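Structure first, commentary second.
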Amino acid sequence: MLTKPRLLAHAATAALLVLATPALARAETLTLKADRYLDVARGVLVSPAVIIIKDRAITAVNPSQPPTTDRTLELPGLTLMPGLMDAHTHLTLDVARGWRHDAVTKTAGDLALIGAANAEKTLMAGFTTIRDLGAADFADVAIARAVEDGLTPGPHIIAAGHATGITGGHCDITGYVPSVLPPSPERGIADSPDEFTKAVRYQIKYGARVVKICATAGVMSDEASVGAQQPSLAELKAAADEAHRHGLKIAAHAVGEAGVIAAAEAGVDSIEHASLLTPAAAEVVRRHGAYLVPTLYLLDAVDPASLPPALMKKGLQIREASKESFKLALRAKLKIVFGTDAGVYPHGDNAKEFYVRTQLGQSALEAVRSSTLYASALLDVPDRGQIKVGLLADLIAVEGDPLTDVRILENVRFVMKEGHVYKQPPRP
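Position one of the sequence shown corresponds to residue 2 (my numbering), numbered consecutively onward.
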């Protein structure tokens, strides 16, 4: 039986889906007006903002003679921006809810429903595209398909399927007796170049649009080390080569120096975290042209005391080192893209990462570009990331100037994806 709160929740969800359903919009044309928009390429605010939208895309920006459209939506006092992108999320993960036993207590259906709820939170926070880097039983792929088919609201999702690493490594769900979760390449556990190749092929077969590997140990797993290299260079290269053979990019969780260097030399497209980055490792990353996706807000958002003692020790070990590594990456002029590791802390708080980065020396403009222009390049989505004719109408709006106060990105007032409105300010 549905209680009144549940009925209201169901009604709200139904209304949201009606508002955003592509079938209802047909080829409707829309004029979107705001006080200003952010030109991320030039790094300037342009006033006023008049955006014409048709068939999911932007067809005109501040035209000299605005055409007549089916309807007009006005956003007084707001600044329009491209929809934000997060290159490192885990939709099915919720550390605050408890996660250590999800692999043996949650079905794929459970994880998909959890992830769908988190996808909606992420979209409402202004993130219209995400790269989800690892989920069991292809739950992330299922969520991506459901969003694409209009079954549930969420951002565009580039899903990885199972992340792949060595037996007992960071990508292995460790701590269980051998009869529980037997390791296999299909589940992302590989111990030779051939097995890494097989693991990548399996993820792609079942819908992965990006490949994720674990090049080193990490905080949220049971190894004693926080950053030691795990797969060999040959294993890492086998995974990278196979991903590229299929036209996909590959991301590598890599914390310590040796693993960062090996991942870059293997040809991965992005290094995730790099919490213990060194000048030598930074130079190898720069030389090979890999992107860096730091995840910094979680360092202070997660209370180490809430973790098991062994994990708490590792978390404390990298907390300050990660911040220094980010400063080093800025000095080395590495290609930095926005990522959060959302799921380690609550989904929907993704934008809190911006302020942390600016406090560590990144300009507000570069922080925003890392989540728009630069993310577009890494994620291979050239059809978004700017307010520009011909690109998808993935847009958000905030109050004020994000180039003077990035914290306003934590309170997104308007969200549009592919020309469909998912969130807007209440009418006066």
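The C-beta atom is built at its ideal place from N, Cα and C for all residues, glycine as well.
None of these values were measured; they are calculated from a predicted model.
Cβ-Cβ separation, residue j to residue i (assumed contact under 8 Å), whole Å
i, j, result
"A117", "V142", "With a Cβ gap of about 12 Å, A117 and V142 do not count as contacting."
"Y346", "L299", "5 Å"
"I131", "P232", "The pair is not a contact, with the Cβ atoms about 26 Å apart (cut-off 8 Å)."
"S222", "L277", "Going by Cβ atoms, the distance from S222 to L277 rounds to 16 Å, so no, they are not a contact pair."
"I319", "V227", "6 Å"
"I205", "T165", "Actually they do not touch by this definition, with Cβ atoms about 11 Å apart."
"A259", "I251", "In fact, because the Cβ distance is near 18 Å, the residues do not count as touching under 8 Å."
"K122", "H421", "Incorrect: roughly 18 Å between the Cβ atoms, too far for contact."
"V399", "M82", "7 Å"
"G170", "E224", "7 Å"
"H254", "T217", "7 Å"
"G388", "I52", "According to the sequence shown, residue 388 is Ile rather than Gly. Indeed they touch by this definition, with Cβ atoms about 7 Å apart."
"P280", "L329", "7 Å"
"L459", "I144", "Look at the range of the chain in this structure, 2 to 429, and you will see that residue 459 is not part of it."
Reduced DSSP category for residue i - H, G, I as helix; E, B as strand; rest coil
i, result
"A26", "For A26, the predicted structure reports a pLDDT of 45, less than 50, and the residue's modelled location is therefore unreliable. A value from the coordinates is still provided. Helix, per DSSP."
"I388", "coil"
"E273", "strand"
"F128", "strand"
"M221", "coil"
"G110", "helix"
"Y177", "coil"
"V256", "coil"
"P427", "coil"
"I397", "strand"
"S251", "For the sequence presented, residue 251 should be read as Ile rather than Ser. It is a strand residue."
"K334", "coil"
"L404", "coil"
"V470", "Any question about residue 470 goes unanswered here, given that the chain covers just 2 to 429."
"D192", "coil"
"D133", "strand"
"I262", "helix"
"I167", "coil"
"P1", "Summary: the structure shown does not reach residue 1, with the chain confined to residues 2 through 429, and so no result is reported for it."
"A239", "helix"
"A161", "coil"
"I205", "helix"
"V19", "The predicted model places V19 with a pLDDT of 43, which falls under 50 and marks its position as unreliable, so this point remains unresolved."
"H102", "coil"
Cβ-heavy atom distance, residue i to the ligand PLP, below 7 Å
i, result
"S377", "The ligand PLP is not part of the structure shown, which contains no ligands of any sort."
For residue i, the residue or residues it bridges with in DSSP
i, result
"L31", "I54, R72"
"P83", "L396"
"L46", "L39"
"K213", "A252"
"K418", "H421"
"A1", "Nothing in the structure corresponds to residue 1, since the chain is present only between 2 and 429."
"Q231", "DSSP lists no partner for Q231."
"I1", "Because residue 1 is not part of the residues shown, which for the chain are 2 to 429, the question remains open."
"T90", "D133, A343"
Taking only runs that begin and end inside the stretch 276-300, name each unbroken beta strand (DSSP E) of 3 or more residues, in chain order.
292-294
Does the stretch 32-50 come close enough to the stretch 395-407 that 3 or more CB-CB pairs lie under 8 Å?
yes
Do the stretch 79-97 and the stretch 373-386 meet, that is, are 3 or more Cβ pairs less than 8 Å apart?
yes
Using 8 Å as the Cβ pair cut-off and three pairs as the minimum, do the stretch 284-304 and the stretch 254-274 touch?
yes
State whether the stretch 258-272 contacts the stretch 280-292, with contact taken as three or more CB pairs (one from each stretch) at a distance under 8 Å.
yes
Whole runs of the beta strand (DSSP E) within the stretch 305-364, excluding any shorter than 3 residues
none
Three-pair Cβ contact test at 8 Å for the stretch 195-204 versus the stretch 146-155:
no
Check whether the stretch 409-427 and the stretch 55-75 touch, using three or more Cβ-Cβ pairs below 8 Å as the test.
yes
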